[in-house]
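S.K.:
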Amino acid sequence: MKFLRNNILILVMAISLLGCQVKVKQKQTEEKSFEAWIQLFNGKDLNNWDIKFKGEELGVNYNNTFRVEDGLLRVSYDNWEEWNGKFGHMFYDRMFSHYKLRVEYRFVGEQVANGPGWAYRNNGLMLHGQSAQSMELNQDFPTSIEVQLLGGNGTDDRPTMNVCTPGTNIVMDGVLTEQHCMSSDSKTFHGDQWVTVEVEVHGGEVVRHFVNGEEVLSYTEPQYDPRDEYAKKLIPEDGNLIISKGTISIQAESSPTDFRKIELLVLEE
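This is the structure:
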């Protein structure tokens, strides 16, 4: 009888422990499901986005380049005869500081005729950017930190999720770098395959790049470059160069690109 009672006691304890583990997992699942991801692209239209092309007034969607088709946000050049230097950007109409940005993209088709060689299968997530309204008429790129999206040419190594700095600088490994673009450690994605990327942004402190869940690049202290003609107009009166918040935009710079997800999770500061 004593042996039987001990076995029953052990069984009851095991069931109780299992129940606690199930409750913990349920709570974790519930907490995860309540993460407030904001769908910046709603899959239907371009509501909440502002468009600015070089040489065009704010709101002009030059050659209907940015469009929604089949539930995808498309950067399309089928209405262009050839590249004419009109760089375009589409800005979400809110500014953010601390967040995770998750994007699913692919490059499709051929680059528009006479597009720059460096812009082959090239797009970007422009973060901590100036507002669309503050861009000058003939300005090529918003002052921002560019998370560069690149596609492969079928042969060479060409990592994605690099960083470029139009009108800005960053700190890498404790050293202020004035180099315009720095490569990540990501692999190359050839062809028209979908790629999932994420950026984790902590205000003016740390920025991390991820490809398919793997960290491929990080840097700190995004800041204005006072030598740049556009950036110097954005530096506040107190002279603080650190950029702690800004707009998010995507590019149109001669290569057709599809986006099927652009979502953001606000983080605690």
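Per the numbering used here, residue 1167 is the first one in the sequence shown, and the count goes up by one each step.
No residue lacks a Cβ here, since even glycine has one placed at the ideal position from N, Cα and C.
#1: According to DSSP, is K1398 helix, strand or coil?
#2: What three-state label does DSSP hand N1304 in the structure shown?
#3: Measuring CB to CB, does N1280 end up less than 8 Å from E1248?
#4: State buried or exposed for Q1359, treating a residue as buried only when at least 16 other CB atoms are found within 10 Å of its CB.
#5: Whole angstroms are fine: how far does the CA of G1370 sit from the CA of S1310?
#6: Spell out the partners DSSP gives K1266 in its beta bridges.
#7: Applying the criterion that 16 or more other CB atoms from any shown protein chain within 10 Å of the CB defines a buried residue, is R1260 buried or exposed?
#8: Would you give the residue range spanned by the beta strand (DSSP E) that A1418 belongs to?
#9: S1263: which of D1306, N1250, Q1305, I1408 sits nearest, CA to CA?
#10: For a test of the three-state rule: what should DSSP assign to R1426, helix, strand or coil?
#11: So V1365 and V1313 are supposed to be a Cβ contact under 8 Å. How far apart are they, rounded?
#12: In the DSSP assignment, what are the bridge partners of W1203?
#13: Please classify W1203 as buried or exposed, where buried requires at least 16 neighbouring CB atoms within 10 angstroms.
#14: Out of Q1417, S1421, E1429, which one is the CA nearest neighbour of I1217?
#15: Could you check where the beta strand (DSSP E) with L1315 kicks off and where it finishes?
#16: Can you tell me whether E1197 is helix, strand or coil according to DSSP?
#17: Can you find the residues in the same chain that come closer than 6 Å, C-beta to C-beta, to R1240, ignoring five residues on each side of it along the sequence?
M.R.: Walking through what the data contain:
#1: On the sequence shown, residue 1398 is found 232 positions in, with the first residue counted as 1. Residue state, collapsed to three classes: helix.
#2: The residue you call residue 1304 lines up with position 138 of the sequence shown. Correct three-state label for N1304: coil.
#3: Along the sequence shown, read from residue 1 onward, the residue named residue 1280 stands at position 114. Along the sequence shown, read from residue 1 onward, the residue named residue 1248 stands at position 82. Contact flag set, yes.
#4: Reading the sequence shown from its first residue, position 193 is the one you call residue 1359. Taking every protein chain shown into account, the CB of Q1359 has fewer than 16 other CB atoms within 10 angstroms, so this residue is exposed.
#5: In the sequence shown, residue 1310 corresponds to position 144, counting from 1. In the sequence shown, residue 1370 corresponds to position 204, counting from 1. Going by the C-alpha atoms only, they are around 12 Å apart.
#6: What you label residue 1266 is simply residue 100 of the sequence shown in a count that begins at 1. According to DSSP, which records beta bridges pairwise, K1266 is partnered with E1366, L1431.
#7: Walking along the sequence shown from the start, residue 1260 turns up at place 94. R1260 comes out exposed.
#8: Locating residue 1418 in the sequence shown gives position 252, where the first residue counts as 1. 1413 to 1418 is the span of the beta strand (DSSP E), which, as asked, contains A1418.
#9: Numbered from 1 along the sequence shown, position 97 holds the residue referred to as residue 1263. Looking at the Cα atoms, I1408 is the closest of the given residues.
#10: Against the sequence shown, residue 1426 aligns to sequence position 260. Strand, per DSSP.
#11: Within the sequence shown, residue 1365 is the residue found at index 199, counting from 1. Within the sequence shown, residue 1313 is the residue found at index 147, counting from 1. V1365 to V1313, Cβ: 5 Å. Contact.
#12: For this step, residue 1203 is matched to residue 37 along the sequence shown. DSSP output for W1203 lists L1431 as bridge partner(s).
#13: Here the question's residue 1203 lines up with position 37 in the sequence shown. The residue is exposed, with fewer than 16 neighbouring Cβ atoms inside 10 Å.
#14: If you number the sequence shown from 1, residue 1217 lands on position 51. Minimum Cα distance to I1217 is reached at Q1417.
#15: Counting from 1 along the sequence shown, the entry for residue 1315 is found at position 149. Counting along the chain, the beta strand (DSSP E) containing L1315 begins and ends at 1311 to 1316.
#16: Working through the sequence shown from its first residue, we reach residue 1197 at position 31. In this predicted model, E1197 has a pLDDT of only 45, less than 50, meaning its place in the structure is not dependable enough to derive any value.
#17: As a working mapping, residue 1240 is identified with position 74 in the sequence shown. Cβ neighbours of R1240 within its own chain (closer than 6 Å, five residues either side excluded): R1233, D1424.
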